[in-house]
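Residue numbers for the sequence shown follow this note's numbering, so the first one is -1 and each next one is one higher.
What follows is a set of notes on a single structure, which appears directly below.
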Amino acid sequence: MTGTGAMSALHRDGHLVLRDLLTPAGCRRIREELTPLLRPAGRDPFRSRHTHRVYGVLHNTRATDPLIDHPGVLALVDRLLLPNFLLSQLEVVEVGPGAPARPPAYDDRHYPVPRPRPALSVAALWTLDPGTTLTVWPGSHRWAGRHPATPGVLLAPPPGSCTLLLGTLWHARPPQPSLPSLTVTAHYCEPWLRTREAFLLSPGRDVARQLSARTRRMLGYSIHPPELGLVDGMHPHRLFA
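Structure follows, in structure tokens:
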């Protein structure tokens, strides 16, 4: 799909599946590196005994670095959010067989700005396993205050794909079938918003030195004009001099 076609689909549906961005070998490698870091089930916001997570992803592994600043994905996010947009959260989640459904929600609901409105965030969900499914309500990113009242559309993004979800799109997780599903989700937000994770504190400056310049900017080592993000009155990138 061309850039124009991809943007048209995103604006129409509120979601877009970008296929074949990772090879099968690439998916296996990332999974192998992440699996030892998965925490015991139950320690997550949904208190699910079926769900394992990696906390402090950037502090613990470089496996997800190429996903955060993937040029094909960021080329689309660049057209959805303002320049200097931030990485708001990085999630690594394995949903095990038998996990119950998760109810409908939209990602940037924690920002108290009335709907309808443009999305303040964009999620990039990377699929590593064939058991990944989610339910979406196409066009719901344009809704005002209403909730989903009809069944949504089931998506099964193939391994190696990245699914973009506008922050105002209603989506849910259906019951997990017999296979586990490991996903990596990078949440990006407008540069003038507070992020979900305090990336300037963790992973910290030493780890940030190992990351690409683009990723460092998305962690907050950047300035949003005229002067949001200063450190001692100067650009925070001077911290790496």
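Where a beta carbon is used, it is the ideal one built from N, C-alpha and C, also for glycine.
Note that the structure is predicted; figures quoted are calculated from it, not measured.
Is the separation between the beta-carbon of residue i and that of residue j shorter than 8 Å?
i      : j      : result
Ala103 : Pro172 : no
Glu185 : Leu132 : First, the residue type needs correcting, since residue 185 is His and not Glu in the sequence shown. Result no, Cβ atoms of His185 and Leu132 do not sit closer than 8 Å.
His139 : Ala97  : no
Gly143 : Arg115 : no
Ala122 : Val205 : no
Ala117 : Leu78  : yes
Leu226 : His13  : no
Thr213 : Asp63  : yes
Leu32  : Ala61  : yes
Might you give, ordered along the chain, the residues of its own chain that have their beta carbon closer than 6 Å to the beta carbon of residue i, omitting 5 neighbours on each side?
i      : result
Arg17  : Ser159
Glu89  : Thr183
Pro189 : Leu80, Asn82, Phe83, Leu84 and His222
Ala211 : none
Leu228 : none
Pro146 : Pro102, Trp135 and Trp168
Let's see if you can read the secondary structure: which residues bound the alpha helix (DSSP H) around residue i?
i      : result
Ala73  : Pro69 to Val75
Leu9   : The residue you asked about is not Leu; residue 9 is His in the sequence shown. Element bounds for His9: Gly1 to Asp11.
His57  : Val55 to Asn58
Ala196 : Taken as a continuous stretch (DSSP letters only), Ala196 belongs to no alpha helix (DSSP H), as it is neither H nor E.
Leu65  : Asp63 to Ile66
Spell out whether any CB of chain C is found under 8 Å from the CB atom of residue i.
i      : result
Gly202 : Of the protein chains in this structure there is only one, and it is not chain C.
Relative to the C-alpha of residue i, which candidate in the options has its C-alpha closest?
i      : options                          : result
Leu163 : Thr2, Leu180 and Val15           : Val15
Tyr109 : Ala154, Thr125 and Leu191        : Leu191
Asp106 : Gly94, Ser86, Thr125 and Val93   : Ser86
Arg207 : Thr33, Arg140, His235 and Pro69  : His235
Val120 : Leu152, Arg215, Pro128 and Leu74 : Leu74
Taking 8 Å as the limit between beta carbons, can you name the residues of its chain near residue i, skipping five residues before and five after?
i      : result
Arg10  : Pro136 and Gly137
Ser200 : Gly54, Leu56 and His57
Pro175 : Pro95, Gly129 and Thr131
What is the residue span of the beta strand (DSSP E) that residue i lies within?
i      : result
Tyr91  : Residue identity check: residue 91 is Val in the sequence provided, not Tyr. Where Val91 is concerned, the enclosing beta strand (DSSP E) stretches over Leu84 to Val93.
Arg100 : Arg100 to Ala103
Ala184 : Ser179 to Cys187
Ala121 : Ser119 to Thr125
Take residue i and list the residues in its own chain whose beta-carbon comes closer than 7 Å to its own, dropping the five residues that flank it on each side.
i      : result
Arg238 : It is worth fixing the name first, because residue 238 is Phe in this sequence and not Arg. Hits under 7 Å: Arg207.
Give the C-beta separation of residue i and residue j to the nearest angstrom, bearing in mind that I take them to be a contact with Cβ-Cβ under 8 Å.
i      : j      : result
Pro157 : Leu177 : With a Cβ gap of about 11 Å, Pro157 and Leu177 do not count as contacting.
Leu180 : Leu198 : Rounded, the Cβ-Cβ distance is 28 Å, inconsistent with contact.
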